[in-house]
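Number of protein chains: 6
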Amino acid sequence: MFKPEDKAAILVEALPYIQEFYGKTIVIKYGGNAMINDDLKEKVMQDVALMKYVGIRPVIVHGGGPEITGFLKKVGKQSSFVAGLRVTDEETVEIAEMVLDGKVNSEIVNLLNRRGVKAVGLSGKDAGLIQARKKLATVYEGEESKKVDIGYVGEVAAINSGIIEDLLDQDYVPIIAPIGVGENGESYNINADYVAAEIAGALEAEKLLLLTDIEGIYKDFNDKNTFISTLHLPEARQYIKEGIIAGGMIPKVEACLTALEKGAGKTHIIDGRLDHSIILEVFTEQGIGTQVVR
Amino acid sequence: MFKPEDKAAILVEALPYIQEFYGKTIVIKYGGNAMINDDLKEKVMQDVALMKYVGIRPVIVHGGGPEITGFLKKVGKQSSFVAGLRVTDEETVEIAEMVLDGKVNSEIVNLLNRRGVKAVGLSGKDAGLIQARKKLATVYEGEESKKVDIGYVGEVAAINSGIIEDLLDQDYVPIIAPIGVGENGESYNINADYVAAEIAGALEAEKLLLLTDIEGIYKDFNDKNTFISTLHLPEARQYIKEGIIAGGMIPKVEACLTALEKGAGKTHIIDGRLDHSIILEVFTEQGIGTQVVR
Amino acid sequence: MFKPEDKAAILVEALPYIQEFYGKTIVIKYGGNAMINDDLKEKVMQDVALMKYVGIRPVIVHGGGPEITGFLKKVGKQSSFVAGLRVTDEETVEIAEMVLDGKVNSEIVNLLNRRGVKAVGLSGKDAGLIQARKKLATVYEGEESKKVDIGYVGEVAAINSGIIEDLLDQDYVPIIAPIGVGENGESYNINADYVAAEIAGALEAEKLLLLTDIEGIYKDFNDKNTFISTLHLPEARQYIKEGIIAGGMIPKVEACLTALEKGAGKTHIIDGRLDHSIILEVFTEQGIGTQVVR
Amino acid sequence: MFKPEDKAAILVEALPYIQEFYGKTIVIKYGGNAMINDDLKEKVMQDVALMKYVGIRPVIVHGGGPEITGFLKKVGKQSSFVAGLRVTDEETVEIAEMVLDGKVNSEIVNLLNRRGVKAVGLSGKDAGLIQARKKLATVYEGEESKKVDIGYVGEVAAINSGIIEDLLDQDYVPIIAPIGVGENGESYNINADYVAAEIAGALEAEKLLLLTDIEGIYKDFNDKNTFISTLHLPEARQYIKEGIIAGGMIPKVEACLTALEKGAGKTHIIDGRLDHSIILEVFTEQGIGTQVVR
Amino acid sequence: MFKPEDKAAILVEALPYIQEFYGKTIVIKYGGNAMINDDLKEKVMQDVALMKYVGIRPVIVHGGGPEITGFLKKVGKQSSFVAGLRVTDEETVEIAEMVLDGKVNSEIVNLLNRRGVKAVGLSGKDAGLIQARKKLATVYEGEESKKVDIGYVGEVAAINSGIIEDLLDQDYVPIIAPIGVGENGESYNINADYVAAEIAGALEAEKLLLLTDIEGIYKDFNDKNTFISTLHLPEARQYIKEGIIAGGMIPKVEACLTALEKGAGKTHIIDGRLDHSIILEVFTEQGIGTQVVR
Amino acid sequence: MFKPEDKAAILVEALPYIQEFYGKTIVIKYGGNAMINDDLKEKVMQDVALMKYVGIRPVIVHGGGPEITGFLKKVGKQSSFVAGLRVTDEETVEIAEMVLDGKVNSEIVNLLNRRGVKAVGLSGKDAGLIQARKKLATVYEGEESKKVDIGYVGEVAAINSGIIEDLLDQDYVPIIAPIGVGENGESYNINADYVAAEIAGALEAEKLLLLTDIEGIYKDFNDKNTFISTLHLPEARQYIKEGIIAGGMIPKVEACLTALEKGAGKTHIIDGRLDHSIILEVFTEQGIGTQVVR
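Given below as C-alpha cells:
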C-alpha cells in the first residue's frame with residue numbers, strides 16, 4: 001500500500017525519538033474511549049508493544065469506571081455520586097476491586113501477552129504498591145464548602161515503587177489497577193489519573209501520557225482557536241485558580257502538575273480517540289494534544 | 001508461658017529442618033477450612049512468613065470454590081455440576097476470575113504484606129504463567145462413560161514459570177490464582193490442586209504441601225488404624241486403580257503424583273484444620289498427614 | 001507530508017521485525033554505489049543507526065576498490081589485474097591498507113559517530129581479528145587452468161571474533177576494513193564479500209546483507225521474469241556448477257554459501273542502489289533482492 | 001515431649017526476631033563457664049548454628065585464660081599478675097598464641113564444622129586483622145597511680161575488618177583468637193572483651209553479646225532487687241566514675257561502651273552459664289542479662 | 001649469561017614497582033628514534049608487553065611526522081612549515097590520517113599482537129575519542145606576534161575516553177593515532193605529545209611517559225652538569241616564562257604540565273634512544289630522564 | 001650494581017614466564033632449611049610476594065617437624081619413631097597442632113603481611129579443609145612387613161578446597177598447616193609433602209614446588225653425573241619399584257606422583273637451600289632441580 005521509500009522515510013523520522021527514549025520509563029494512563037472501543041484497544045496494545053520493542057519501559061495504569069457501573073447494576077446495586085465521586089460502601093469497593101483487578105486488568109495483561117510482551121498485572125496491594133487514605137468529597141453550598149465522607153474513595157498516601165522497578169528491570173510490562181490499601185488493610189478506589197501521576201513521579205518517569213476523550217486543553221472550549229499546545233506549570237496553576245481550566249479538565253491538569261512536582265519529566269494530555277495516539281505522540285514530530293511541562 | 005529452656009529446645013529442634021530447606025522452594029496449595037476460618041487463616045499467614053524469614057522460598061496457590069459459589073448466587077446465577085465439576089459458561093468463568101483474582105488472591109496478598117512479607121498476586125494470565133486447555137467431564141452411565149463439554153473448565157497445558165522464578169529471586173512471595181489462559185486468550189477455571197502440582201513440578205520444588213480438610217489418607221476411612229503415613233508412587237497408582245483411594249482423595253493424590261512426575265521432591269497431604277499445620281510439617285520431627293513420595 | 005495514521009501504520013508494520021531481531025547480530029557488507037553516492041551513503045548511515053536504536057547489533061564490513069585504484073593513480077602506480085584480481089606487490093598492499101583503514105574506514109566511523117552511534121574502526125590486525133593466507137589467482141588457458149601468484153591478495157584463514165563481540169557487548173558498532181594479517185605479520189588485501197561472510201559465520205549472525213549494484217539473482221539476466229527471490233543452498237551450489245550463476249555473481253553467492261555453512265542464519269543479496277535498502281529488507285514485509293538460505 | 005501447638009507457638013514467637021536480624025552481623029564474645037563446661041559448649045555451638053541458618057552473620061571472639069594458665073604450668077612457667085593482668089614475657093606470649101590460635105580456636109572451629117557450619121579460624125595476624133600496641137598496667141599505691149610495663153599485653157590500635165567481611169560474604173563463620181600484631185610484627189595478648197568490642201564497632205554489628213559468668217549488672221551486688229536490665233551510655237559512664245560498677249564488671253561495661261561508640265547497635269552482658277543463653281537473648285521476648293545501649 | 005642469584009636479585013628489585021603499579025594506567029607517547037630504529041622498536045614492544053603481563057594498563061599514543069613527510073614526497077607534495085608547524089591543506093591532512101592510522105598505527109598493533117598482547121588501534125574518530133578544533137600558528141615579527149591559519153592543524157577540545165576505558169577493562173592495549181575530529185566532522189592532525197597528555201589527564205593515569213630523543217631537561221644544554229632530575233610544576237612554568245626551557249623542549253614540558261593539571265599522577269621525559277628505557281623508568285630504582293611532578 | 005641494560009634484559013627474560021603463569025595457581029611445600037635459615041626465609045617471602053604481584057595465585061603448605069620436636073622437649077616429652085614416623089599420642093598431636101597452627105603458621109602469615117601480601121593462615125580444620133584418616137606405619141622384619149598403629153599420624157582422606165579457592169578469588173594468599181581432621185573430629189598430623197600434593201591436585205594447580213634440602217634426584221647419589229632433570233610418571237613409578245629412588249626421596253617423588261594423578265600440571269623437587277630458588281624455577285629459563293611430569 002505504501003511505497004518502499006515512504007516506509008523507509010517514516011521509520012527514519014522515528015529514529016531520533018527511538019534514540020531519545022531508549023531505556024526511559026513512560027507511564028500511560030489508559031482509559032476512556034480507547035479502553036471501550038475494540039479497535040482502539042487493539043491499537044493501544046500495538047503501540048505499547050512497539051514501545052517495548054524499541055527499548056522503552058512502559059507502565060500502564062488503567063481506569064474502569066464504566067465497567068464498575070455495569071457490574072454494580074448487574075448485582076442490583078445503585079450508584080450515587082457526590083461532587084462527581086461515587087459513594088462507595090464496603091460492598092461497592094469490593095466489587096470495584098474485583099472488576100478492576102480481576103477483569104479489566106487481567107484483560108489488558110492478556111491482550112499484551114498475546115502480542116509477545118510479558119505483561120504482569122498489579123493492584124495497589126501487591127508488595128504494598130499503593131498506600132492510600134480516605135478522600136473526602138468537597139461539596140459546595142453557595143459560597144460555603146464542606147467535606148463529606150463518601151466511604152472507600154481514596155487518595156495516594158505513598159507509592160512503594162520497588163515492585164514496578166523490579167519488574168521493569170526484568171523486562172516485564174506492569175499493568176496497574178488503581179486500588180490502594182489503607183493503614184488497616186482496607187481497600188480504596190482511587191482516580192486512575194492521580195495514581196498514574198503519583199507513579200510517574202515516584203519512578204521519575206520520562207513522560208506521563210494521559211489518554212483522554214478530548215483533543216487537549218482550550219482556553220475557551222467553544223473557540224477551537226484557543227487550543228493550548230504547551231502549558232507551563234505556573235500558568236497551569238494560574239488557569240485553574242482563575243477557572244479557565246475547569247470541570248473534567250481539572251483532574252487531568254492536576255494529575256500532570258502532581259507528576260511534574262514529584263519528579264516526572266514531561267506530561268501529555270492526548271486524545272485517546274485517535275488511532276495510535278501514543279505512537280504519534282512518542283515517535284513523530286507532530287506532538288498531539290496538550291503538553292504540561294515545567 | 002513457656003520456660004526459657006523449653007523455648008530454646010524447640011528452636012534447636014527446628015535447626016536441622018531450617019538448615020535442610022534453606023533456599024529451597026516449597027509450593028503450598030491453600031484452600032478449605034484454613035481459608036475460611038479467620039483464626040486458621042491468620043496462622044497460615046504466620047507460617048508462610050516464618051518460612052520466608054528462615055530463607056525458604058514459599059509459593060502459594062489458592063482455591064476459592066465457596067467464594068465463587070457465593071458470588072454467583074449474589075448475581076442470581078445458579079451453578080449446576082456435572083461429575084463434580086461446575087458447568088462454567090462465559091459469564092461464570094468471568095465471575096470466577098473476578099472472585100479468584102480480584103478478591104481471594106488480593107486478600108491473601110494483603111494479609112501477607114501486613115506481616116512484612118512482600119507478596120505479589122499472579123493469575124495464570126500474568127506473563128502467560130498458566131497455559132490451559134478445555135477439560136471435558138467424564139460422566140459414567142452404568143459401565144459406559146462419555147466425555148461432556150462443561151464449558152470453561154480447564155486443565156494445565158503448560159507452565160511458564162519464569163515470572164515466579166523472577167519474583168522469588170527478588171525476594172517476593174508469589175500468590176497464584178488458578179485461572180489459566182487458552183490458545184485464543186479465553187480464561188479457564190482450573191482445579192487449584194492440579195495447578196499447585198504442575199507449578200511444583202515446573203519449579204522442581206523441594207516440597208508440595210496440600211492443605212486439606214482431612215487428616216490424611218486411610219486405606220479404610222472408617223478404620224482409624226489404617227492411616228497411611230507414607231505412600232510411594234507405584235503404590236499410590238495401584239490404590240487408585242483398585243479403588244482404595246477414591247472420591248475426594250483422588251484429585252489430591254493425583255496432584256501429588258503429577259508433582260512428583262514433573263520434578264517436585266516430596267509431596268504432603270496435610271490437615272489444614274490444625275493450627276500451624278505448615279510449620280509443624282516443615283520444621284518438626286513429627287511429620288503430620290500423609291506424604292506421597294517416589 | 002504523511003498522514004498521522006499512515007505513519008502509525010508503518011511503524012506498526014515494523015513491529016514484528018523489530019521484535020524478531022532484537023539483540024541479534026546483522027553483518028552488512030557495504031560497498032558499490034551505496035558507498036560512492038553521497039545521498040545513498042547518508043541513507044545507509046541512517047539505516048545502521050536505526051538498527052542500532054531498535055536493539056540490533058550491526059557489524060559493517062566495507063570494501064574500497066575504487067578508492068584504492070584512485071590513490072594508486074595519484075602515486076603514479078599502474079594496476080594490473082589477473083583473473084579479475086589486482087596484482088598486489090608490497091607497495092600496493094601498503095597503499096591499499098592505508099586507503100581502506102586510514103581513509104574509507106575512518107570516514108564511515110565518523111559519519112556514524114555524527115549520528116549518535118558509537119562506531120569503532122577495526123582492521124584485520126586489531127587483536128588479530130582476520131588471520132589470512134595468500135590466495136593464488138586461477139588463470140584459464142583453453143581447458144587448462146593454472147594457479148598464479150599475484151602477491152598480497154589473501155583469503156581468510158581464521159577469524160578471532162573476540163574483539164567484535166567485546167565491542168558489541170559494550171554497545172559499539174564495529175566497522176571493519178578487509179585487511180588480513182599473515183603468519184609472518186604481512187598484510188593481505190581480501191575481498192570484502194568473503195570477509196563479511198566469514199565474520200557473519202564466526203559470529204553466528206542472524207543475517208548477512210550484501211549491498212550490491214544489482215537487483216538480485218536472475219536465472220537469465222536478460223529475462224526479468226527469471227528473478228530468484230529465494231535460493232536454497234543445494235540449488236545455489238548446483239547453479240554455480242552449471243554456470244547459471246556466473247561472472248560477478250559468483251563471489252556474492254559463494255560468500256552467502258560460506259556464511260551459511262559457518263553458522264549465519266540467512267543471507268541476502270540486495271540492491272544497494274535503492275534508498276534505504278537495508279531498512280526495507282530488515283523491517284518491512286517486502287523482502288527485496290535475493291535471499292540465499294539453508 | 002512438647003505438644004505440636006506449643007512448638008508452633010514458640011517458633012511463631014521467634015518470627016519477628018528472625019525477621020529483624022536477617023542478614024545482620026552479631027559479634028559474640030565467647031568465654032567463661034560456657035567455654036569450659038562441655039554441655040554448655042555444645043549448646044553454644046547449637047545456638048551459633050541456628051543463628052547462621054536463619055540468616056544471621058555470627059562472628060565469634062573467644063578468650064582462653066584458663067587454658068593458657070594450664071599450659072604455662074605444663075611447661076613449668078609461673079604466671080605473675082600485676083593489676084589483674086598477666087606479666088607476659090616473650091616466651092609467655094608465644095605460648096599464649098599457640099594455645100589460643102592452635103588449640104582453643106581450632107577446637108571451636110572443629111565443633112562448628114561438625115554441625116554443618118563452615119567455620120574459619122583467624123588470629124589477629126591473618127590479613128593484619130588486629131593491629132595492636134603495648135598496654136601498660138596501672139598500679140595504684142595509695143592515692144597515686146603509675147604505669148607499669150608488663151610485656152606483651154596489648155590493646156587494639158586498629159582493626160582491618162576486610163578479611164572478616166570477605167568471609168561473612170562467602171557464608172563462613174569467623175572464629176577469632178585475641179592475638180594482635182604490633183608495628184614490628186611482635187605478638188600481643190589482648191583481652192577478648194575489648195577485641196570483641198572493637199570488632200563489633202568496626203563491623204557496625206547489630207549486636208555485641210558478651211557471655212559472662214554473672215547474671216548481669218547490679219547496682220548493689222548484694223541486693224538482687226537492684227538488677228539493671230537496661231543501661232544507657234551516659235549512665236554507664238557515670239556508674240563507672242562513681243564506683244557503682246566496679247571490679248570485674250568494669251572491662252565488660254567498658255567493652256560495651258567502646259562497641260557502641262565505634263558503631264555497634266546494641267550490646268548485651270548475658271549469663272553464659274544458662275543453657276542456650278544466646279538463643280534466648282536473640283530470639284525470644286524475654287531479654288536476659290543487662291543491655292547497654294545508646 | 002647472568003648468574004642465577006643476579007637474576008633473582010633484579011626480579012626482586014622490581015617487586016615494589018610491580019606492586020605499586022598493579023592495575024594502574026600508564027600512557028606512553030611513542031615517537032622519535034624509538035619508532036624509527038628497528039631494534040629499539042622491538043624493545044619498546046617487549047617493554048609494553050612486560051607492563052601488560054605484570055598487570056599494568058598501558059596506553060600508547062604515537063606520532064609519525066617523518067612517515068607523513070615521506071609519503072607526501074611520494075605523492076609529489078611539498079611541505080611548508082610556519083612556526084614549526086606543517087601547513088596542512090585538506091589533501092595533506094587526508095594523507096596524514098592515512099599514514100598515521102592506516103600504516104604507523106596498524107604496524108604497532110601488529111607488532112604487539114605478535115607478542116601475545118591484544119592490541120587494538122584507534123584514531124581520534126573512533127567513538128569520538130578526540131574532539132579537536134583548529135590551532136593557529138603564532139608567528140613573531142620582532143616584538144609583535146600574530147596568529148596564522150595553517151589549515152587542518154588542531155588541538156584537543158575534549159577527550160571522550162570511554163572507548164579507551166572499555167578496551168582496557170577487557171584487557172586490550174589501545175594504540176592511538178593523533179588524529180582529531182572537528183565539529184563538522186573534519187580531520188585535524190594534532191601533536192602527539194599533547195594528545196598523550198590530554199589522554200593521560202582524562203584517564204587520570206598514574207604516569208605519562210614521553211619517549212624523546214634527548215636525555216632529559218638541562219638548565220643549560222651545553223653544560224651536562226645542569227641536568228634536572230625532578231621539575232615541579234611551578235618551577236616548570238617559571239622556566240618556560242624565563243626562556244630556560246626553550247625550543248623543542250617547550251611542547252614536551254607543556255605536555256607534562258597539561259597532563260598533571262588534568263589529573264595524571266606523574267610525568268616523565270625519557271630518552272627513547274636507550275634500550276628498554278620504559279622498563280628502566282618503571283621497574284628500577286634508577287629513574288632515568290626528567291620527571292615533572294606536582 | 002647492575003648495568004641498566006642487564007636489568008632490562010633479565011626482566012625481559014622473565015616476560016614469557018610471567019605471561020604463562022598469569023592467573024595460575026602454584027602450590028609450594030615450604031620446609032627444610034629454607035624455613036630454618038632466617039636469610040633464606042626472608043627470600044622465600046620475597047619470592048612469594050613477587051609471584052603474587054605478577055598475578056600468580058600462590059598457596060603455601062608448610063611443615064614444622066623440628067619446631068615440634070623442640071617444643072616436645074620443652075614440655076619434657078620424649079619422641080619415639082617407628083619407620084621414620086613419630087609415634088603420636090593425644091598429647092603429642094595436641095602439641096603438634098599448637099606448634100604448627102599457632103606458631104609456625106602464624107609466623108609465616110605475619111612475615112608475608114609485613115611485605116604487603118594479604119596472607120591468611122588455615123589448618124585442615126578450617127571449613128573442613130583436610131579430611132584425614134589414621135595412617136599405619138609399615139615395619140619390615142626381614143622379608144615380612146606389618147602395619148603398626150602409631151597414633152595420630154594421618155593421611156589425607158579428602159580435600160575440601162572451597163575455602164582456599166574463595167580466599168584466592170579475593171586475593172588472599174592461603175598458608176596451610178598440615179593438620180587433618182578425622183571422622184570423629186580428632187586431629188591428625190600429616191606429612192606436609194602429601195598435603196601439598198593433595199591440595200595441588202584438588203586445585204588442579206599449574207605447578208607443585210617442593211622445597212627440599214637436596215639438589216634434586218640422582219640415579220646414583222654418589223655420582224653427580226646421574227642427575228635427573230626431568231622424570232616422567234611411568235619412569236618414576238619404575239624407579240621407586242626398582243629401589244633407584246629410595247629413602248627420603250620416596251615421599252617427595254610419591255607426593256609428585258599424587259599431585260599429577262589428582263590434577264596438577266607439573267611438579268618440581270627444588271633445592272630450597274639456594275637463594276630465591278622459587279623465583280629461579282618459575283621465572284627463568286634455567287629450570288633448577290628435578291621436574292616430575294606426565
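Protein chains in written order, with UniProt numbering: chain A, 1 to 294; chain B, 1 to 294; chain C, 1 to 294; chain D, 1 to 294; chain E, 1 to 294; chain F, 1 to 294. Note that the Cβ used here is the ideal one computed from N, Cα and C, for glycine as well. Note that the structure is predicted; figures quoted are calculated from it, not measured.
At which residues does the alpha helix (DSSP H) containing residue i begin and terminate?
i, result
"Glu20 of chain F", "4-21"
"Lys219 of chain A", "Note, Lys219 of chain A: premise wrong, no alpha helix (DSSP H); not H, not E."
"Glu261 of chain F", "249-262"
"Asp166 of chain E", "162-169"
"Gly70 of chain C", "65-74"
Can you name, in chain order, every residue of its own chain whose Cβ lies under 6 Å from the Cβ of residue i, other than the five neighbours on each side?
i, result
"Ala34 of chain F", "Leu40, Val44, Leu211, Gly272"
In chain D, which residues lie less than 8 Å from residue i when you measure between Cβ atoms?
i, result
"Glu94 of chain F", "Lys103"
Does DSSP put residue i in a helix, a strand or coil?
i, result
"residue 296 of chain F", "For residue 296 of chain F there is no data in the structure shown, the boundaries of chain F being 1 and 294."
"Leu233 of chain A", "helix"
"Tyr239 of chain D", "helix"
"Glu94 of chain B", "helix"
"Val82 of chain C", "strand"
"Gly55 of chain C", "coil"
"Arg133 of chain E", "strand"
"Lys77 of chain A", "coil"
What are the boundary residues of the beta strand (DSSP E) that residue i is part of?
i, result
"Val266 of chain E", "At residue 266 of chain E the sequence reads Lys, which differs from the Val that was named. That run of the beta strand (DSSP E) goes 266-271."
"Lys146 of chain D", "144-148"
"Ala197 of chain C", "Ala197 of chain C -> not in any beta strand (DSSP E); alpha helix (DSSP H) instead, spanning 192-202."
Mind listing the chain C neighbours of residue i? Cutoff is C-beta to C-beta under 8 Å, in chain order.
i, result
"Ile18 of chain A", "Leu50, Tyr53, Val54"
Under 7 Å from any heavy atom of the ligand NAD, does the C-beta of residue i make it?
i, result
"Asp166 of chain F", "Absence of the ligand NAD from the depicted structure is noted, as is the absence of any ligand whatsoever, leaving it without description."
### Task
Report the residues of the segment 268-281 of chain C with a CB closer than 8 Å to any CB of chain H, ordered along the chain.
No chain H appears in the structure shown, which is made up of the protein chains A, B, C, D, E and F.
### Task
Identify each residue in the segment 163-192 of chain F for which the Cβ-Cβ distance to at least one residue of chain D is less than 7 Å, and report them in chain order.
Ile163, Asp166, Gln170, Tyr172, Val181, Gly185
### Query
Quick one, which residues of the segment 54-88 of chain C are near chain E if we go by CB-CB under 9 Å, in chain order?
Look at the segment 54-88 of chain C: the residues with a C-beta under 9 Å from a C-beta of chain E are Phe71, Lys74, Val75, Gly76.
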